[in-house]
Amino acid sequence: MIQVDVTSPSPPYEQIRAQLAELIRCGVLGAGTRLPPVRQLAADLGLAAGTVARAYKELEQGGYVTGKRGGGTRVLAQPEPRTARETLIREHARAYLAEVIRLGGTVEEAVATLKDLPAEP
Amino acid sequence: MASVLVLALAVFLVLVAALLAVLMSLGRVVRLPPGGDAAVLRTTTGRLLWARLAGLAAGVAGAWLVFAWDGLGVGPMLAAPVLGAGLLLGTLLGELTTPRPHGPLRGASLETRRARDYLPRFSAPLAAVLSLIAVVLLAVTSAAGSADDLGRPGRVLAMSSDDGTMHSAAGPWPGWFYAWPMLAVLAVAFLLSALVIHRVVQRGRPGLDPVATAVDDAQRAHSAQVVTAAYGLCVALPLTGVSVVAAGALFRQSDLAGWAVPAGFALLGVALLAVASTTWYLAELLSRPRIRAS
């Protein structure tokens, strides 16, 4: 799943690109996985098709995906996905913990809050 | 007498279709996963239903006008496709007016939705088979038909000798005079159906929780069922008429070779298949999935 915040200073196409790149780097989207069609993803997010098309184009230029006419957009093989995934989770956890501590919380409080959250966002 | 029999048969088939629709509705239960709120999808459901009913009303009005325009039988032949086209347009309108995702934070799953995920497994291939039969049958009848006494192409089945002298002619015959409007309307109905199915698959999801996804999938599948049924009616009902008329002409043409009678019975078999398909598609139009919370 990907999320787009239309009020964020980061443009929607960059948010889509960054999230998809992250999912590909950490192996959640394996090599050969087909990404949703541009129009479908754009409709699901309530965005213009050009926005998603730009994100896909930048992913293609970055070597994450390959797009063929009639064959859709597919993920290309990436080196060592497991290490990247663990690194990303650690980075997100560190950022979260830093925010909790900045707000005056403790490590125990941060862990308890995580446990109380539902599995699906 | 014949018209009374046709009317009685039509009423009987509508009753059978209504009974089938009840049985289908009872058998198609969508069980929702626990949690979530299906109420958020009521807007979508309402818009789809009202647009579909508006399309049906427009289709009935159009079919009535076309039916009243006789045109040597062309009007009654095209009435069902006009009705189906109205329903298809209504379904398209409903799909176009479903609420778009809004709000600052929007989410999407990375699933790839395909038309075959939603098209009915029996009705869609049946519609393809009926279309193929219709095209082949109209091609053959167009090739075999002759111009009538006023020069209208393919309106009679005539037997001529080598020097071009016509021995006998039986009509009406569903030759080119009837084939081209029928094929044109079927082509339009097919393109319209493909357009609606494309929209059904590509439109955005209203929510990402399991309940919203389950209800949304049920709505898409129901829309695809309506599209298939409307297109099926566009093909099946005129195919019934074409088969019966062609069989009648074959039985009346006394100069034909021995294959004419078996061919006539084969055409009656096609008519039977088309009538049964019409009843099935009517039942699919009348049925609705029942959505139940777990």
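Chains as they are written, first to last, in this note's numbering: chain A, 1 to 121; chain B, 1001 to 1294.
Every residue gets a Cβ at the ideal spot worked out from N, C-alpha and C, and that includes glycine.
Query: Below 6 Å CB to CB, which residues in the same chain sit around B:C1234 once its five sequence neighbours on both sides are set aside?; Result: P1081, G1084 and A1189
Query: How about B:G1171 and B:R1100: are their beta carbons less than 8 Å apart?; Result: no
Query: Please give me, in chain order, every unbroken run of the alpha helix (DSSP H) with length at least 4 that falls completely inside the stretch 48 to 100 of chain A.; Result: 49 to 61
Query: Tell me which residues share the same chain as B:V1227 and place their Cβ nearer than 8 Å to its Cβ, disregarding the 5 neighbours each side in the sequence.; Result: L1088, T1091, S1193, V1196, I1197 and V1200
Query: Have a look at the DSSP bridge pairing and note the partners of B:D1117.; Result: None, per the DSSP bridge assignment.
Query: If you run the structure through DSSP and keep just helix, strand and coil, what is A:L29?; Result: coil
Query: How big is the Cα-Cα spacing for A:G7 and A:A77?; Result: The sequence given here places Thr at residue 7 of chain A; Gly does not occur at that position. One C-alpha to the other measures close to 33 Å.
Query: Quick check: the stretch 1233 to 1248 of chain B against the stretch 1114 to 1132 of chain B, are at least 3 beta-carbon pairs closer than 8 Å?; Result: yes
Query: Taking 8 Å as the CB-CB limit, is B:L1093 close to chain A?; Result: no
Query: With a CB to CB cut of under 6 Å and the five nearest residues on each side skipped, what residues in its chain are close to A:A55?; Result: Y13, I16 and R17
Query: Does DSSP classify B:M1159 as helix, strand or coil?; Result: strand
Query: Using DSSP bridges, identify the partner residues of B:L1312.; Result: The structure shown does not extend to residue 1312 of chain B, since chain B is modelled only from 1001 to 1294, so the question has no answer here.
Query: Flag this pair as touching only if the stretch 1273 to 1289 of chain B and the stretch 1023 to 1032 of chain B have three or more C-beta atom pairs under 8 Å; answer yes or no.; Result: yes
Query: In chain A, what lies closer than 7 Å to B:L1032 by C-beta?; Result: Result: empty, since nearest Cβ-Cβ is about 16 Å, beyond 7 Å.
Query: Skipping 5 residues on each side, what residues in its chain have a beta carbon closer than 6 Å to that of A:L47?; Result: P12
Query: Interface residues of chain D around A:I24 at Cβ under 8 Å?; Result: The question asks about chain D, but that chain is absent: this structure's protein chains are A and B.
Query: Check the Cβ of B:S1223 against every Cβ in chain A and list those closer than 7 Å, keeping chain order.; Result: Within 7 Å Cβ-Cβ: nothing; B:S1223 doesn't reach chain A, min ~15 Å.
Query: So if I threshold CB-CB distances at 7 Å, which residues from the stretch 1238 to 1250 of chain B count as touching chain A?; Result: none
Query: Could you compute how far the alpha carbon of B:R1220 sits from the alpha carbon of B:Y1118?; Result: 7 Å
Query: Leaving aside the five residues before and after A:A21 along the sequence, list all residues of the same chain whose C-beta is less than 8 Å from its C-beta, in chain order.; Result: L59, G62 and Y64
Query: Can you name the residues that DSSP bridges to A:D5?; Result: B:L1105
Query: Does any C-beta atom of chain B lie closer than 8 Å to the C-beta of A:L41?; Result: yes
Query: In the DSSP assignment, what are the bridge partners of B:A1170?; Result: B:L1157
Query: Who are A:A34's beta bridge partners in DSSP?; Result: A small fix is needed here, since residue 34 of chain A is Arg in this sequence, not Ala. Paired residue(s): A:R74.
Query: With 16 as the cutoff for other CB atoms within 10 Å, does A:Y96 come out buried or exposed?; Result: exposed
Query: Would you identify the three-state DSSP class for B:S1146, choosing helix, strand or coil?; Result: strand
Query: For B:G1264, which residues in the same chain have their Cβ closer than 6 Å to its Cβ, ignoring the five residues on either side in sequence?; Result: A1247, L1250 and F1251
Query: Under 9 Å Cβ-Cβ, which residues of chain B neighbour A:T7?; Result: P1104 and L1105
Query: Can you round the beta-carbon distance between A:R85 and A:G27 to whole angstroms, since I take them to be within the 8 Å contact cut?; Result: 5 Å
Query: The stretch 1200 to 1222 of chain B: which residues have C-beta closer than 9 Å to a C-beta of chain A, in chain order?; Result: V1201, Q1202, R1203, G1204, R1205, L1208, D1209 and P1210
Query: Using 8 Å as the limit for Cβ to Cβ distance, is A:Q3 near chain B?; Result: yes
Query: Is any beta-carbon of chain B found at less than 8 Å from that of A:L35?; Result: yes
Query: Using the beta-carbon count (16 or more within 10 Å), is B:H1222 buried or exposed?; Result: buried
Query: Let me see if you follow: with CB-CB separation under 8 Å, is A:G30 close to chain B or not?; Result: no
Query: At 4 residues or longer, what runs of the alpha helix (DSSP H) sit wholly inside the stretch 1218 to 1294 of chain B?; Result: 1260 to 1286
Query: Put A:D44 into one of helix, strand or coil per three-state DSSP.; Result: helix
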